[in-house]
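*Asks:* FYI, the numbering for the sequence shown is 119 to 340, going by my numbering.
Yeah, the Cβ is synthetic: ideal placement off N, Cα and C, and Gly gets one too.
Here the structure is a predicted model, which means the values were calculated and not measured.
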Amino acid sequence: MKPPDPAALPHSPAAERNRAPILAVLRALLAPGGRALEIASGTGQHAAHFAAALPGWRWQPTDVAAECFGAITGWAARAGAANVAPPRRLDVRDAPWPSEGAPFSEPFDLIYSANLLHISPPECGPALMQGAARHLAPGGLLVTYGPYLEDGVPTAPGNLAFDQDLRRRHPRGPAPPRGRGAARPGRRPAPARTPRPAGQQPAAGVRAGSLECPPARYQSHS
Ligand SMILES: C[S@@+](CC[C@H](N)C(=O)[O-])C[C@H]1O[C@@H](n2cnc3c(N)ncnc32)[C@H](O)[C@@H]1O
Numbered sequence: 119m120k121p122p123d124p125a126a127l128p129h130s131p132a133a134e135r136n137r138a139p140i141l142a143v144l145r146a147l148l149a150p151g152g153r154a155l156e157i158a159s160g161t162g163q164h165a166a167h168f169a170a171a172l173p174g175w176r177w178q179p180t181d182v183a184a185e186c187f188g189a190i191t192g193w194a195a196r197a198g199a200a201n202v203a204p205p206r207r208l209d210v211r212d213a214p215w216p217s218e219g220a221p222f223s224e225p226f227d228l229i230y231s232a233n234l235l236h237i238s239p240p241e242c243g244p245a246l247m248q249g250a251a252r253h254l255a256p257g258g259l260l261v262t263y264g265p266y267l268e269d270g271v272p273t274a275p276g277n278l279a280f281d282q283d284l285r286r287r288h289p290r291g292p293a294p295p296r297g298r299g300a301a302r303p304g305r306r307p308a309p310a311r312t313p314r315p316a317g318q319q320p321a322a323g324v325r326a327g328s329l330e331c332p333p334a335r336y337q338s339h340s
């Protein structure tokens, strides 16, 4: 079958820019093969790029918006990534995952989500942690990418303005509960080579942590 015309596919310039640095972090973190669940796949550019580059992995894309599914399938076909499963509808706040159809029958070795937490309502953060605790295999990794502000880490004024804007749009609820049980949390800054206009975008970073069983024990790293 002829791959879809890339010009006809929904396209995120940010995903194009950050996919290589994120892939470098994933390569360093991941075993040669496993099962990956992506939350909030959006256009599907990350799913296509990572699955094509990590052929030992089976990649399950999802999004709350079923309108994304054509793009997700299209980008995977364009990349020749046969290891991308058909997308499933998943609202991160639902339990169990996914939101529709048959529940996932096996645990995942990686749960990956990029650019979800800062654009979604506050309850999505704890829901992601709780869902990861339910659906990760022992020793599995939760990896998130996004614009994170960290205590004591200086950032550009434009980043602070972006943060204030997000807080106006999504007033914060109470902080998620903190508990014990997360192992090997870590942060990888976005490499300096990620091109972005100075002061216009927040500093981005990749966070990873494995969640230990039993699933009820989790910790938010945000
Ligand atoms: C900024 S886009 C990020 C897309 C992609 N991960 C990327 O980095 O290019 C945010 C995505 O989150 C999805 N989303 C928003 N709320 C969600 C929720 N409650 N559960 C799952 N996905 C959600 C949106 O439909 C959208 O595709």
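1. What's the gap between the Cα of A213 and the Cα of E268?
2. Would you tell me roughly how many angstroms separate the C-alpha atoms of G243 and L235, rounded to the nearest one?
3. Measuring from the CB of L234, is there a heavy atom of ligand 1 at a distance below 6 angstroms?
4. Are the segment 150-162 and the segment 181-192 touching, with three or more C-beta to C-beta distances below 8 angstroms?
5. Given this structure, state the Cα-to-Cα distance separating G257 from F226, to the nearest angstrom.
6. Looking at C-alpha atoms only, which residue of N277, G249, S231 is the closest neighbour of W177?
7. Touching or not, the segment 244-263 and the segment 140-155, by the rule of three or more beta carbon pairs under 8 angstroms?
8. Could you check which residue in A158, W175, L172, L278 has the C-alpha nearest to that of P216?
9. DSSP on S159, reduced to helix/strand/coil?
10. Measuring CA to CA, which of L254, H167, H253, F280 is closest to P265?
11. In three-state DSSP terms, what is V143?
*Replies:* Well, looking at it:
1. The alpha-carbon separation between A213 and E268 amounts to approximately 29 angstroms.
2. Each residue's alpha carbon lies about 6 angstroms from the other.
3. yes
4. Counting C-beta pairs with one atom in each stretch, the segment 150-162 and the segment 181-192 have three or more that are closer than 8 angstroms, which means they touch.
5. 10 angstroms
6. S231
7. yes
8. A158
9. coil
10. F280
11. helix
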